[in-house]
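If you're matching positions, the sequence shown starts at 332 in the numbering used here and goes up one per residue.
Every residue, glycine too, gets a C-beta built ideally from N, C-alpha and C.
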Amino acid sequence: MQTDFLVIGSGIAGLTFALDARAYGRVTVITKKESNETNTNYAQGGIAAAISPSDSIESHIKDTLLAGEGLCNPDAVKIMATDASHRIAKLSEMGVEFTKSHKSEFDLGKEGGHSARRIIHTKDRTGEAIETVLIKEVHKNGIDLLEHCLAIDLIIEDGKCIGVWGFDTNRNEFFPFLAKSVIIATGGIGSIYLHTTNPGIATGDGIAMAYRAGVPVANMEFIQFHPTSFYGKKINGRAFLLSEALRGEGGILKTKDGCAFMEKYDSRKELAPRDIVARAVHSELKEKGDDYVLLDITGFGARKIIDKFPNIYKHCCDLGVDPTKEPIPVVPAAHYVCGGIVVDMKGKTNIPGLYATGEAVCTGVHGANRLASNSLLESVVFAHRVDKSMVKDSKIEKLKIEDLENSMQSTNSKLTDKSSNHLEEKVISDYLLQIKNLMWEQVGIVRNNKELQEAKNKISKYKSEIEELYHKYIEIAYKSPLRQAIATFQLIELRNVVTVASLVIECALIRKESRGLHFNLNYPEKDELQYKKRDTILKKLDK
Ligand SMILES: Cc1cc2nc3c(=O)[nH]c(=O)nc-3n(C[C@H](O)[C@H](O)[C@H](O)COP(=O)(O)OP(=O)(O)OC[C@H]3O[C@@H](n4cnc5c(N)ncnc54)[C@H](O)[C@@H]3O)c2cc1C
């Protein structure tokens, strides 16, 4: 299989890039599950843009820089805020129906950390509205969109990225896919945590893949925990999100016994940035020994809840709570990663032919903390900017497929016992659960040196065991038509999960201060001297 642009991922970033790139060559998008199974599809609140006459681009920039606590790249922030209204106009033109107010202008929502109403939304299903239109456009434009194709690793020849190794779960087959440019748009990493708002696809595959290939990865310690996900039942392992827009509209956080508590923590109360609210909830839970706090939106009145938040209303009722009549039980959950693959302002990595965009990258827009509704915006703005001119000059060299196949099979597997190729799915799910638990307990909202070090030791043990299992099984599975498709898929993801978990821990240990989303009890203050302008960058040395 061969193409000009090979895009990995069918969220807002991958699809935006694909639609732009079709003017420059053949575009193929591969995605590991159904095309709309993306973080994008579950985004509720909206997408930020300073378009109100009482707002300004400067104010959007200022709010973003303030939230990022000294670590934002000001150039990236300026690019994002300035291009926001163009990207919104383009999405509307394509057919995304953003909610309008009675004057036919966009109905602008308010969210924590934004000093003005600037959240453009489609009721409370903004991501789904965007995803649906983008997928339709991709089909309309004849772009190949291949579902159930999991990218495993990048193919690097003479220091250049020339494609990816993949696994087709439907056909139960491995494949090499060659391309003049490869674009990683694989999204976030929420699934490395026990409680997350992210769907199961968010296993950080692109970040792990890039890191293995020698691309630097930055700021992985900055994990955003959303303060309000539904407590109790989950949907396919995903905690249902209670959008920030609910607090924007006046939702109140209360302890189980009905006492509002945010005033104790921040003068902005419920509208303080997410990290502050998440830590406040964490602290209340610890202090009281409760399992959850309450988000009370009953004051909105039933009409407003049903009209403005139909998705949330329906899901809460399905999960057993009627939010028009009773407060919703909520807990924090891992939501977003601010760090990722290091790229320049045109999505370029340090490997020729390899680009990356979306939540998988670190452009520096978010710094140490992300403002609500800036991530869809970052994805659409920077995916649009990814360099497409390179493809004109590059050729796919004639490659010997046998050489590729040899590189696919591990050459350094030290295992001698290759007698059995049966893989127990339970072994994989047990590892996954242990990692998720460990990350939640010891690398969560509030961290400390002792637990981080313990987590590091455990994860590095799991990592070597999983690598061994991976090499042993994949080497055999590659040659055997009897391979188990589901177990193969899960093992490939597990290897990425443990890799990404180790990157988060490593970065958290390097940053000996508390800033933005990274809070360490042993260093509760910011260290402006050492870390104010310092990204935490990791690079694999033995590539
Ligand atoms: C519940 C929820 C609510 C949110 N609400 C908002 C909001 O209101 N506003 C906002 O700005 N942001 C919000 N976010 C964050 C935002 O949705 C994401 O940051 C953004 O959608 C990321 O887009 P993306 O294209 O980079 O990744 P995604 O949309 O996650 O897409 C990643 C794609 O990569 C594919 N993929 C992954 N690994 C592989 C592989 N190995 N091989 C092949 N394909 C692969 C996946 O299957 C998927 O298609 C929310 C996130 C969640 C989870």
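Beta bridge counterpart(s) of residue i as assigned by DSSP
i	result
residue 507	496
residue 391	None, per the DSSP bridge assignment.
residue 378	451
residue 557	664
residue 347	Per DSSP, none; premise fails for residue 347.
residue 912	With the chain covering 332 to 874 only, the question about residue 912 has no answer from this structure.
residue 440	450
residue 694	Per DSSP, none; premise fails for residue 694.
residue 480	499
residue 520	Looking at the DSSP assignment, residue 520 forms no beta bridge with any residue, so it has no partner.
Buried/exposed call for residue i, threshold 16 Cβ in 10 Å
i	result
residue 795	exposed
residue 799	exposed
residue 633	exposed
residue 648	exposed
residue 847	buried
residue 861	exposed
residue 502	exposed
residue 702	buried
residue 518	buried
residue 663	buried
residue 853	exposed
residue 697	buried
residue 746	Confidence is the limiting factor: at residue 746 the pLDDT is only 34, short of 50, which leaves the residue's position unreliable, though a coordinate-based value still follows. Residue 746 comes out exposed.
residue 639	buried
residue 467	exposed
residue 354	exposed
residue 490	exposed
residue 833	buried
residue 414	buried
residue 742	In this prediction, residue 742 scores a pLDDT of 38, lower than 50, which makes its location untrustworthy; the coordinate-derived value is nonetheless stated afterwards. Result: exposed.
residue 754	buried
Rounded separation between residue i and residue j - CA only
i	j	result
residue 802	residue 816	16 Å
residue 859	residue 869	21 Å
residue 600	residue 576	14 Å
residue 693	residue 672	6 Å
residue 813	residue 499	14 Å
residue 332	residue 768	39 Å
residue 681	residue 604	33 Å
residue 831	residue 532	14 Å
residue 399	residue 714	21 Å
residue 567	residue 657	25 Å
residue 865	residue 710	23 Å
residue 319	residue 684	With the chain represented from 332 up to 874, any question about residue 319 goes unanswered, as that position is not in the structure.
residue 416	residue 470	25 Å
residue 838	residue 589	38 Å
residue 335	residue 434	45 Å
residue 352	residue 719	6 Å
residue 487	residue 622	48 Å
residue 641	residue 437	18 Å
residue 596	residue 378	27 Å
residue 429	residue 530	24 Å
Assigned secondary structure, residue i (DSSP; H/G/I helix, E/B strand, else coil)
i	result
residue 662	strand
residue 597	coil
residue 571	coil
residue 591	strand
residue 474	coil
residue 373	helix
residue 459	helix
residue 623	coil
residue 544	helix
residue 445	coil
residue 649	helix
residue 849	strand
residue 403	coil
residue 644	helix
residue 565	coil
residue 778	strand
residue 785	helix
residue 709	helix
residue 869	strand
residue 671	strand
residue 527	strand
residue 792	helix
residue 762	helix
residue 807	helix
Contact test: residue i Cβ vs ligand 3 heavy atom, cutoff 8 Å
i	result
residue 474	In terms of ligand content, the structure shown lacks ligand 3 and carries ligand 1 instead.
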